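Enquirer:
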Amino acid sequence: MLIAGDQILPKISPNISVQAHEPAGDPLARYLASLTKLRAVLPAETFVLPSHNLPFYGVHQRIDELTQHHRERCGDAIAACDRPRSAADLLPVLFRRQLDRHQMGFALGEALAHLHYLDGLGAVTRDSGADGVERFIATAA
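Here my numbering is used: position 117 in the sequence shown is 431, and no number is missing along the way.
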């Protein structure tokens with residue numbers, strides 16, 4: 315049995331965001347690394363108690379789905395960064411539904427998390443513009 319909290323949710327992905335107290339952080343790298351570690355030590359038949367929705371079995375499958383979800387979002391972000399883009403510019407790319415004011419803050423933190431992760435991988439580079447806004451552009455493959 316695993317008391318997963320928000321780490322592994324059965325129907326949605328947890329919010330992985332850059333936080334104000336760690337503006338240069340790479341929370342997505344840490345989250346994905348934690349999923350890799352959990353998958354390695356948890357039996358596939360582990361009973362998972364999430365903080366949202368019902369308990370479930372199938373932790374390996376769910377970890378794989380969450381990992382794939384973030385890979386796809388990273389691919390979308392790289393494709394959109396064909397020219398310099400801010401995290402705010404990527405919101406319609408990463409979140410295809412209308413966001414309310416509350417969701418906008420979570421979405422912006424999550425967009426930054428994906429961009430910081432991609433910067434760490436060398437898939438994008440960042441530049442602070444004269445306006446103080448960081449923009450990211452895909453590196454040549």
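Virtual Cβ for every residue (Gly too), placed ideally from N, Cα, C.
Predicted model only: the values in this text are computed from it and were never measured.
1) For the region 344 to 358 against the region 316 to 333, do three or more pairs of beta-carbon atoms, one drawn from each stretch, fall closer than 8 angstroms, so that the two count as touching?
2) According to DSSP, what are the bridge partners of SER442?
3) Report the residue ranges of all beta strand (DSSP E) runs contained in full by the region 358 to 439; include only those spanning at least 3 residues, in chain order.
4) Tell me which residues share the same chain as VAL438 and place their Cβ nearer than 7 angstroms to its Cβ, disregarding the 5 neighbours each side in the sequence.
5) Less than 7 angstroms between C-beta atoms, sequence neighbours within five positions excluded: which residues of the same chain meet that for LEU346?
6) Helix, strand or coil for ALA347 per DSSP?
7) Closer than 7 angstroms by C-beta to SER327: which residues in its own chain qualify, once you throw out the five before and the five after it? Chain order, please.
Expert: Reading from the atomic positions:
1) By the Cβ rule, the region 344 to 358 counts as touching the region 316 to 333, because three or more pairs are nearer than 8 angstroms.
2) Within the sequence shown, numbered from 1, the residue matching residue 442 stands at position 128. Answer is GLU448.
3) 361 to 364
4) Taking the sequence shown and counting its residues from 1, one reaches residue 438 at position 124. ILE392, CYS395, LEU429, LEU432, PHE450, ILE451, ALA452, THR453, listed in sequence order.
5) Indexing the sequence shown from 1 puts residue 346 at position 32. These residues qualify, in order along the chain: THR381, HIS384.
6) As a working note, residue 347 is residue 33 in the sequence shown. If DSSP states are grouped into helix, strand and coil, ALA347 belongs with the helices.
7) On the sequence shown, residue 327 is found 13 positions in, with the first residue counted as 1. These residues qualify, in order along the chain: LEU380, HIS383.
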